[in-house]
Amino acid sequence: MNDSTIKWFFRANAYSTTVFMLNYSFQRVVTAAETFPMSSLGWNVLAVLILYGPAYLANTGAVIFGKYIPKFTGMPVFRIDRGAVLKDGRRILGDGKTWNGFVGGGIFAGMLLILAHSIWHAHEPPAHRFLLDPLVWANGSEWFYIGGEWGAAFLMGFVLGIGTMLGDSVGSFIKRRRGHIREGEESSKSLFLDTLPFAIGTFAFGLLFFQGQIIAAPSIIIPMIVLLVFTPILHRVVNVGAYRLNLKDVPY
Numbered sequence: 000m001n002d003s004t005i006k007w008f009f010r011a012n013a014y015s016t017t018v019f020m021l022n023y024s025f026q027r028v029v030t031a032a033e034t035f036p037m038s039s040l041g042w043n044v045l046a047v048l049i050l051y052g053p054a055y056l057a058n059t060g061a062v063i064f065g066k067y068i069p070k071f072t073g074m075p076v077f078r079i080d081r082g083a084v085l086k087d088g089r090r091i092l093g094d095g096k097t098w099n100g101f102v103g104g105g106i107f108a109g110m111l112l113i114l115a116h117s118i119w120h121a122h123e124p125p126a127h128r129f130l131l132d133p134l135v136w137a138n139g140s141e142w143f144y145i146g147g148e149w150g151a152a153f154l155m156g157f158v159l160g161i162g163t164m165l166g167d168s169v170g171s172f173i174k175r176r177r178g179h180i181r182e183g184e185e186s187s188k189s190l191f192l193d194t195l196p197f198a199i200g201t202f203a204f205g206l207l208f209f210q211g212q213i214i215a216a217p218s219i220i221i222p223m224i225v226l227l228v229f230t231p232i233l234h235r236v237v238n239v240g241a242y243r244l245n246l247k248d249v250p251y
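Numbering (numbering that gives the first Met the number 0), first residue to last: 0 to 251.
So, in structure tokens, the structure goes:
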């Protein structure tokens, strides 16, 4: 065998091994999840994170649609505040908040919820514990059930993602009124304003627009509140990871 054939063989072997290990790990997680008691607050908090995870990652989509796609395609960027300045001499939201990112965050969340629905398809409590399908209680009579289950999954994710982006924009508005700039040392001191508004927006849209669905079940209200408390820590971990992958300019 020549060198190229040997390299191809090892790459194919490494790929198949990786796929096997990921599938094995996934099955172990599913099996373990089925042993956790539904009365456990910790696992119920994790269930909320799984259900709202696609919307929690909407900000990642905002970075992709608001920064990288315009950068590499030349697509125009539309600032939400159009450069407007308030009486305090500061921009309403700043250059970091664009319609590209706002809508893109919703689209990204919609795509992720489709993925979540395909992975956790028909998973519901108590059998599957915290690995729950956000769409498991939905049917054709729901207002968002447009285009079948996959259209409904996208629309649910999109609406939740818009809630995330709206909350994030409110946080940005408050930060600017307090004199916190978007980038730099000052911004790192706004951990709660960087996290709680978007989380509150996400949950508020879930409870407001999806009553009767598992993501708005009364039994997850307390786990939602607990997750809010831990959201700043979770947000920092995700941002540090994005920074190390060169997806963000700063680790916060």
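Glycine residues also receive a C-beta, built at the ideal position from the N, C-alpha and C atoms.
Since this is a predicted model, take the numbers as computed values, not measurements.
So D283 is in the alpha helix (DSSP H); what residue range does that whole segment cover? With the chain represented from 0 up to 251, any question about residue 283 goes unanswered, as that position is not in the structure.
Taking contact to mean at least 3 C-beta pairs separated by less than 8 Å, is the segment 93-108 in contact with the segment 53-73? Short answer: they touch.
Residues of its chain near A83, where Cβ-Cβ distance is below 6 Å and the 5 sequence neighbours each way are ignored: The residues are I91.
Ignore the nearest five residues each way along the sequence and tell me which others in L85's own chain have a CB closer than 7 Å to its CB. Short of 7 Å from the beta carbon of L85, and not among the five residues preceding or following it, lie these beta carbons of its own chain, in chain order: I91.
Between the segment 154-167 and the segment 107-120, are three or more C-beta pairs nearer than 8 Å? In short, these stretches touch, since the Cβ pair count reaches three.
Per DSSP, cross-strand counterpart(s) of T97: DSSP, once it has assigned bridges, lists R78 as partnering T97.
Rounded straight-line distance, which links the Cα of L131 to that of M164: Straight-line Cα distance between these residues: approximately 24 Å.
Is the distance from the Cβ of T201 to the Cβ of G166 below 8 Å? Yes, the Cβ-Cβ distance between T201 and G166 is below 8 Å.
Between which two residues does the alpha helix (DSSP H) holding E123 run? Neither: E123 is in no alpha helix (DSSP H) and is coded neither H nor E.
Straight-line gap, G88 to R175 (C-alpha atoms, nearest Å): Answer to the nearest angstrom: the Cα atoms are 10 Å apart.
Using alpha carbons as the reference points, say which of G240, H120, F143 lies closest to P135. Per the sequence shown, the amino acid found at residue 135 is Val instead of Pro. Closest by C-alpha distance to V135, out of G240, H120, F143, is H120.
Taking the alpha helix (DSSP H) that W42 belongs to, which residues open and close that run? Taken as a continuous stretch (DSSP letters only), the alpha helix (DSSP H) holding W42 covers 40-55.
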